[in-house]
Ligand SMILES: [Zn+2]
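In this note's numbering, the protein residues as written are 760 to 880.
Written as structure tokens, this is what we have:
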């Protein structure tokens, strides 16, 4: 099996709902996103998925979040905009825009030291 990843980033504001602590206040992050794609074997050219194509797909998804107040946009007006839920959202959106992509997991960093990963069993 092969697995590759590409990274992207976006900046957004949020505040956590039903959370006691400083993150219930409005604040922002420079989020880093890493998406992993897997496959049994690369094509004849030795490429599993073109990094450039994969970055474009990721960009389509994260551009919807960039410079937004997450609590005001779908689905985070109903779902708490935690790193966990953002990772799940990006995973699901990637599946919607490209059914061919085999995504193994999506990781979202709020800071260099805080990261949440979503994957499906
Ligand atoms: Zn935060």
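Ideal Cβ placement from N, Cα and C applies to all residues, glycine included.
Owing to the predicted nature of the structure, the values given are computational and were not obtained by experimental measurement.
heavy atom of ligand 1 below 7 Å from residue i C-beta
i	result
residue 826	no
residue 874	no
residue 782	yes
residue 871	no
Element boundaries [alpha helix (DSSP H), containing residue i]
i	result
residue 849	842-856
Contact belief for residue i with residue j at Cβ below 8 Å, rounded distance in angstroms
i	j	result
residue 818	residue 780	Contact doesn't hold; Cβ gap of about 32 Å is too wide.
residue 853	residue 794	6 Å
residue 820	residue 846	That pair is no contact at about 11 Å.
In DSSP terms, what residue i is bridged to
i	result
residue 764	795
residue 769	790
residue 878	Residue 878 is not bridged to any residue.
residue 865	794 and 877
Where the beta strand (DSSP E) containing residue i begins and where it ends
i	result
residue 871	Neither: residue 871 is in no beta strand (DSSP E) and is coded neither H nor E.
Those runs of the beta strand (DSSP E) which lie wholly inside the stretch 779-833 and span at least 3 residues: 786-798
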